[in-house]
Amino acid sequence: MWITPEEVLLANALWVSERANPFFILQRRKGHGKGGGITGLLVGTMDVVLDSSARVAPYRILHQTGDSQIFCSIACGSSRKEITEHWEWLETNLLQTLSIFDNNEDITTFVKGKISGIIAEENKSKAALEDEDSGKFREAELKMRKLFGMPGEEKLVNYYSCSYWKGRVPRQGWVYLSVNHLCFYSLLLGKEVTLVVQWTEVTRLEKNATLLFPESVRVSTRHTEHYFSMFLNVNDTFKLMEQLATIAMRQLLDNEGFAADHSLPKACKTLKNVSALKRNLDARAKNERYRALFRLTQDERLDGHTDCTLWTPFAKMHIVGQLFVSNNYICFCSREEDLCQLIIPLREVSIVEKADSSSVLPCPVSISTKNKMTFLFANLKDRDFLVQRISDFLQRTPESGHSGSPSPSTTPLSSSLPTPTGAAGEPSQRRHYSPSLPTATQSLLRIYQKHAPEEHGPKATKEELWNIHFLEFGRGVCMYRTSKTRELVLNGIPESLRGELWLLFSGAQNEMDTHPGYYAERVEQAMGRCTLATEEIERDLHRSMPEHQAFQNEMGIAALRRVLTAYACRNPGIGYCQAMNIVTSVLLLYCTEEEAFWLLVALCERMLPDYYNTRVVGALVDQGVFEELTRACLPFLYEHMQELGVISTISLSWFLTLFLSVMPFDSAVLLVDCFFYEGIKVIFQVALAVLHANMDTLLDCNDEGEAMTILGRYLDNVVNKQTVSPPIPHLHALLTSGDEPPPQIDVFQLIKSSCEKFGSLRADVIEQMRFHQRLKVIQSLEDTAKRSVVRAIMTDSAFSIEELEELYVHFKAKHIISCYWGASTTAAERHDPSLPYLEQYRIDLGQFCQLFGALGTWLCGTHTATLAARLFRLLDLNKDGLINFKEFVTGLSGMYHGDMTEKLKLLYNLHLPPALCPEEAESALEATQFFTDDTPQGEEVKEAEDALGSGDAEEKKEVKDYKYYLRMWAMENEPKKETIKDLRRMNQEQFIELCKTLYNMFSEDPLEQELYHAIATVASLLLRIGEVGKKFTNNGANKPTDTINAQAPAPAAELLQPEKEEPNGESSSGQSLVCRALAEAQLETPPQQTSDEEVKDDTSVSSYSMVSTGSLQCEDIADDTVLIGCAGDQQRRGSILDGDWSITFEQVLASMLTEPPLVDYFEKKGEIQARMAICKMQRRVERQVSSSSDH
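Count along the sequence shown from 1, add 6, and you get the number used in my numbering.
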């Protein structure tokens, strides 16, 4: 690259001059390339350890005039190729111009100006494409791509100095963290260490401090462990590793490749030597923490945060904390946990103004809302900028008709739901939806308890306490959330307020207010759809709380159906998962349909991430977290429970339904209250408290069933003693047996006990545990998928289980690499999680060609890519440009484990359509039409006559017994095994392509000459067979042309006459046999060599592929192909092929069996283990350019 001219005083220190002219010098740094001795080793080591290689490229060009001792650097390069291009440009464009100048100073001024102009032009073109990365960082990125052979699509995020422990010896070097790889490079005294690990292969990532590895990071894969230490900032490095590993796991889970979020705000201060990608990831991490803290939607973008104080009128004091501003919200969080939290939607803000500043209240800002609440923030560092920023966001905020005041469930949401009608206005008869279905206009519990007597017990007292709280702390989305709020929640939310507060604490209220009419649109969109999700929903509708009267009639069932199908329509990636029906039915008891829908959105997409997908990954992750918490808090019980295998069995049902399926309803709904306020932490606390309460009895258990019975009986007897409604019978009551009823456990006491004993759990610690478990769970699911795929195809393949598993790894690696290094199709098209494991991962033509070249046995030099493309087209049965793993293995299995007949059958099919495309054989399709038509010409005439017959005959044809069509349909659906007689005939052009493939296939075989002799003999025989067959075809089908066709073989017979007079040595050569074979095909022959010496001097002429120039298009002719008949007679191109000539597969097989070398070659079993070992070494990183680019 061209660099801004800088003076260099010591031009030869640590550098070697390689080229020179009167004005420029090309130099190479010692320690790079070949040679250099001890000085080169020391310089190379110094460059790696001190990172001077990131600043100093291994090649440079200096400018010098006359005898001056001052040099000026004008260009540098990471490879010899790059620097040579610059050197040649200088010699071509500047040398002649500089020779005109008389003054050396004018020469130097001209060169500097010219180079500065080139740099300015390059910067103009790059400004729109590249981010604001520093020059040093871009050089480090170029160095990474050169060292590890990465393509331009691979983006470096950051790099750090560290030590890599290889055995017991630390190697000091640099770790490069890119979007998809962890790379390490070290060069100490000539010993090079290179490591490349894909993030998708990482199974464990942890930071630990031991005596041997102080402040180290351990990166584990399925087979190895890597230790890195001696970081300058280990925490920053480890956080970035966690982020990149999380992105990779998301890629495995959802097939979502990484994409920089350009909507994130830019940093005010650009840090030196930090990439734009690193800043983007840092901003992304801050956004995720901000959204999780305040339960905001995924599209919220944090603009900034600052320290401040908030005046709290209820406590009459200023609370220290942080103020957060995003595009739709102003939020505050106290420094002390649970002291105070505040969320102010900008749609609720009416006035933002600067208040009078004083010594008691410095730099205050007052924010007033539409429901007459005022918030006073003080001690703001940059008040003017903050007010201006909030004003800018307010101008972009649309006016909302919703207010922040509470909205009890009295609005008839059903009025907004569309009535399904047909095209002419009649009621639609679509499935599951009918205007006659009853619609709930409010929460189901309110409908079915409308006539219940008024209560004056604990329930009324709770409502009074909450009303007092609303008067003191406010009500609605702008309510102060304090420790008193938490106490009220732990004591239970009244039924009349439960829906309102669930919406508030979960953040669903904000999402519902900003999306008016969204739910009605989704319901209308889902009407009439019949998908896998709707079928599963229908099966589970009547299993959702059947004991509750609200779901014993059509009103509750219809409401549940609408909410679930609307969500399946909103999020087809999740669709529907078991346990969603139980949770949604509980939401509908306390909320309207629209409110229940948005609560379900908050649960599935924010509060319980990845819980309700096809593989319940989130629940499995939290199951692992629960096991880890049990080991830390209850170590003795953990060991015993692990022996019984109980924890993994119980926890999944507890977490998926939030205890709703294992506890009495009135008790479990109190846990849901706590969950919506505190998140998943409270579920872990209660689960640990349940184990702790039953520790003694569980330690005495001898099997899993006994432990399950104990826990089931305990949970079934967790009661809510404050409820006055009749108890709802529970399924777990069946577990209660014996004369003595088990003791009842008060749910409030259970919640209080869980907070006292396990209240030290923090949300950030749980998130850290989730990260570790997510790596383990997703990689475990990938291993399960691999085993499932192997089991599914092992009976249809001759490969061993180990070979199939290794092939699956290579196949999946190609798919994953294509997701982030680009391909002809998008990643979403190649990966469909809804499909069976066998069909989820698919590759396109380019990736298949790479795998074929690495693993295939039929390698044909430059012809390999053509053969691979034909095999791809043959395997791609649905013609979508993608093949799955089963299809891939089918192609390989035929090459490696088939007998001679199967291999030849595959090879034969590769030279017929659709494998042989029209571009490769111009007249192949036209020539094969005659042979692929199964109907004889006589029958065609008969059918034509029948078509012109009377109308009565047509009617007779139409009126056929339906049983006839059923029999025909059954015959079509029967799996038919293709025999060799079913294969189509091969015409002359396709046969020439087959010969070309065979000649290329044998070019590297030890028995090359014998194979060429054998195939030439077979080709000659098949050409004669085709000629004979043509006579019979023409005699039977078209007698008037007999005299013409009978004369056709005459030229071939004449050309074959000299064959009998040739000496034995000459007749045995492969070339002469090819000439005779092509002569029979009426093609021109090359001049024969006249002596054995010329044959020996020629570079293995017989190893060349010999075809006619008229039979191939230019792009199909390989580099090693000898063109026959290319001198003169250009008008014969394409006209020499005989359209009547054809052969069958049986004839090809019989001819091949006459030659022992060919039989041995095709009967030989291939060894795929060696090829997979080589491919595994190359798979560590996909090299698009050679890393040793010093030539």
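Where a beta carbon is used, it is the ideal one built from N, C-alpha and C, also for glycine. Remember, predicted model here, so these are calculated numbers, not experimental data.
* Buried or exposed: which applies to asparagine 619, given that a residue is buried once 16 or more other Cβ atoms fall within 10 Å of its Cβ? -> Against the sequence shown, residue 619 aligns to sequence position 613. Asparagine 619 should be labelled buried.
* Asked: Taking just the CA atoms, how far does arginine 341 sit from isoleucine 757?
  -> Position 751 of the sequence shown, counted from the first residue, corresponds to residue 757. Position 335 of the sequence shown, counted from the first residue, corresponds to residue 341. In this structure, the alpha-carbon of isoleucine 757 lies about 26 Å from that of arginine 341.
* Going by the CB atoms, is the gap between leucine 400 and valine 331 shorter than 8 Å? -> For the purposes of this step, residue 331 is taken as residue 325 along the sequence shown, with counting starting at 1. For the purposes of this step, residue 400 is taken as residue 394 along the sequence shown, with counting starting at 1. Cβ atoms of valine 331 and leucine 400: not closer than 8 Å.
* Own chain, CB closer than 8 Å to glutamate 809, minus 5 neighbours either side, in chain order -> As a first step, residue 809 is located in the sequence shown; it is residue number 803 there, counting from the start. Taken in chain order, the residues that qualify are Ile1174, Gln1175 and Met1178.
* **Limits of the alpha helix (DSSP H) - the one that methionine 561 falls within** => The sequence position of residue 561 within the sequence shown is 555, counting from 1. In the DSSP assignment, methionine 561 falls within the alpha helix (DSSP H) that extends over 560 to 576.
* **Alpha-carbon to alpha-carbon, isoleucine 588 and valine 623** => Residue numbering aside, residue 623 sits at position 617 when the sequence shown is read from its first letter. Residue numbering aside, residue 588 sits at position 582 when the sequence shown is read from its first letter. Rounded to the nearest angstrom, the gap between the Cα atoms of valine 623 and isoleucine 588 is 19 Å.
* Asked: If we count the other Cβ atoms within 10 Å of its Cβ and call it buried at 16 or more, is tryptophan 95 buried or exposed?
  -> For the purposes of this step, residue 95 is taken as the residue at position 89 of the sequence shown. It is exposed - the Cβ of tryptophan 95 has fewer than 16 other Cβ atoms within 10 Å.
* Asked: So, using beta-carbon positions, are tyrosine 596 and tryptophan 660 closer together than 8 Å?
  -> To locate residue 596, count along the sequence shown from 1; it is residue 590. To locate residue 660, count along the sequence shown from 1; it is residue 654. No.
* 4-residue-minimum alpha helix (DSSP H) runs that sit fully inside the region 668 to 716, ordered along the chain -> Within the region 668 to 716, the complete alpha helix (DSSP H) runs of at least 4 residues fall at 671 to 684, 687 to 699 and 701 to 705.
* Asked: Is lysine 197 helix, strand or coil by DSSP?
  -> For the purposes of this step, residue 197 is identified with residue 191 of the sequence shown, where counting begins at 1. Under the three-state reduction of DSSP, lysine 197 is assigned to strand.
* Run through DSSP, which three-state label would threonine 1049 get? -> Start at 1 with the first residue of the sequence shown, and residue 1049 comes out as number 1043. Any reading at threonine 1049 needs caution, since the residue's pLDDT is 38, under 50, leaving its predicted position unreliable; the model's value is listed next. In this structure, DSSP gives threonine 1049 a helical state, which the three-state scheme calls helix.
* Of the choices Arg879, Phe30 and Thr1150, whose alpha-carbon is the least far from that of arginine 990? -> Residue mapping note: residue 990 aligns to position 984 of the sequence shown, counting from 1. It is Thr1150 whose Cα lies nearest to the Cα of arginine 990.
* List the whole-angstrom C-beta distance separating glycine 867 from serine 1009, where the pair is believed to meet the contact cut-off of C-beta under 8 Å. => Numbered from its first residue, the sequence shown carries residue 867 at position 861. Numbered from its first residue, the sequence shown carries residue 1009 at position 1003. Rounded to whole angstroms, the Cβ separation of glycine 867 and serine 1009 is 6 Å, and the two are in contact under 8 Å.
* **Inter-residue Cα distance where the pair is leucine 287 and asparagine 241** => Reading the sequence shown from its first residue, position 281 is the one you call residue 287. Reading the sequence shown from its first residue, position 235 is the one you call residue 241. Roughly 15 Å separates the two Cα atoms.
* Check cysteine 1201 in the structure and name its three-state DSSP category. => Residue numbering for the chain in the displayed model covers 7 to 1197; residue 1201 lies beyond these limits and cannot be assessed.
* **Own chain, CB closer than 6 Å to alanine 798, minus 5 neighbours either side, in chain order** => Numbered from 1 along the sequence shown, position 792 holds the residue referred to as residue 798. Taking C-beta separations shorter than 6 Å and ignoring five residues to either side along the sequence, the partners of alanine 798 in its chain run Leu844, following chain order.
* Determine the direct distance from the alpha carbon of methionine 647 to that of proline 552, and round the result to whole angstroms. => Mapped onto the sequence shown, residue 552 falls at position 546. Mapped onto the sequence shown, residue 647 falls at position 641. Linking proline 552 to methionine 647 through their CA atoms gives a straight-line distance of about 33 Å.
* Asked: By DSSP, does isoleucine 76 sit in helix, in strand, or in coil?
  -> Your numbering for residue 76 matches position 70 in the sequence shown. If DSSP states are grouped into helix, strand and coil, isoleucine 76 belongs with coil.
* Return the chain-ordered ranges of every alpha helix (DSSP H) run that is complete within the region 844 to 897 and spans a minimum of 4 residues. => Here the runs fully enclosed are 851 to 861 and 870 to 881.
* Asked: Tell me, which residues are paired with glutamine 178 by DSSP?
  -> Within the sequence shown, numbered from 1, the residue matching residue 178 stands at position 172. Note: glutamine 178 sits in a beta bridge opposite Ser169.
* Grouping DSSP H, G and I as helix and E and B as strand, with all else coil, what is arginine 990? -> By 1-based counting over the sequence shown, the position of residue 990 is 984. Coil, per DSSP.
* Asked: For the alpha helix (DSSP H) that contains asparagine 512, what are its first and last residues?
  -> Taking the first residue of the sequence shown as 1, we reach residue 512 at position 506. Checking the sequence shown, residue 512 turns out to be serine, not asparagine. Its alpha helix (DSSP H) spans residues 501 to 512.
* To do: May I have a chain-ordered list of the alpha helix (DSSP H) segments no shorter than 4 residues that lie completely inside the region 276 to 301?
  => Counting whole runs of 4 or more residues, the region 276 to 301 contains the alpha helix (DSSP H) stretches 282 to 300.
* To do: State the Cα-Cα distance for the pair arginine 151 and isoleucine 124, rounded to the nearest angstrom.
  => Sequence index remark: in the sequence shown, residue 151 carries index 145 (1-based). Sequence index remark: in the sequence shown, residue 124 carries index 118 (1-based). The alpha-carbon of arginine 151 is positioned some 24 Å away from that of isoleucine 124.
* Can you tell me where the beta strand (DSSP E) with proline 641 in it begins and where it stops? -> Residue 641 sits at position 635 when you count from the first residue of the sequence shown. Going by DSSP, proline 641 is part of no beta strand (DSSP E) but of the alpha helix (DSSP H) stretching over 641 to 650.
* **Exposure label - isoleucine 1180; buried when at least 16 CB within 10 Å** => The residue labelled residue 1180 in the question sits at position 1174 within the sequence shown. Its Cβ having fewer than 16 others within 10 Å, isoleucine 1180 is exposed.
* **For serine 332, the three-state DSSP class (helix, strand or coil)** => Working through the sequence shown from its first residue, we reach residue 332 at position 326. Correct three-state label for serine 332: strand.
* Can you tell me the Cα-Cα spacing of valine 947 and glycine 904, whole angstroms? -> Here residue 947 refers to the residue found at position 941 of the sequence shown. Here residue 904 refers to the residue found at position 898 of the sequence shown. Low per-residue confidence applies at valine 947: pLDDT is 38, beneath 50, and the placement is therefore not dependable, though the value from the model is reported in the following sentence. CA-to-CA, the gap between valine 947 and glycine 904 works out to about 43 Å.
* State buried or exposed for alanine 26, treating a residue as buried only when at least 16 other CB atoms are found within 10 Å of its CB. => Here residue 26 is taken as the residue at index 20 of the sequence shown, counted from 1. With fewer than 16 Cβ atoms within 10 Å of its Cβ, alanine 26 is classed as exposed.
* If you drop the 5 nearest sequence neighbours on each side, which residues of the same chain put their C-beta closer than 7 Å to that of asparagine 214? -> What you label residue 214 is simply residue 208 of the sequence shown in a count that begins at 1. Counting only Cβ-Cβ distances below 7 Å, and skipping sequence neighbours, we find Ser222 and Arg224.
* Helix, strand or coil: which one does DSSP assign to valine 203? -> Here residue 203 is taken as the residue at index 197 of the sequence shown, counted from 1. Strand, per DSSP.
* Asked: Among Thr90, Glu111 and Cys369, which one has its Cα closest to the Cα of aspartate 390?
  -> Here the question's residue 390 lines up with position 384 in the sequence shown. Nearest to aspartate 390 by C-alpha distance, out of Thr90, Glu111 and Cys369, is Cys369.
* Would you decide whether arginine 528 is buried or exposed? Buried here means 16 or more other CB atoms lie within 10 Å of its CB. => Along the sequence shown, read from residue 1 onward, the residue named residue 528 stands at position 522. Buried: at least 16 other Cβ atoms inside 10 Å.
* Could you give the residue range of the beta strand (DSSP E) that holds tyrosine 65? -> Indexing the sequence shown from 1 puts residue 65 at position 59. Bounds of the beta strand (DSSP E) holding tyrosine 65 are 65 to 69.
* To do: Give the DSSP-derived three-state secondary structure of cysteine 1181 in the structure shown.
  => The count along the sequence shown starts at 1 and reaches residue 1181 at position 1175. Cysteine 1181 carries a helical assignment under DSSP once its states are collapsed to helix, strand and coil.
* To do: Find the nearest neighbour of glutamine 853 within the set Trp864, Ala875, Leu865 and Gln846, judged by alpha-carbon distance.
  => As a first step, residue 853 must be located in the sequence shown, where it is residue number 847. Comparing Cα positions, the closest option is Ala875.
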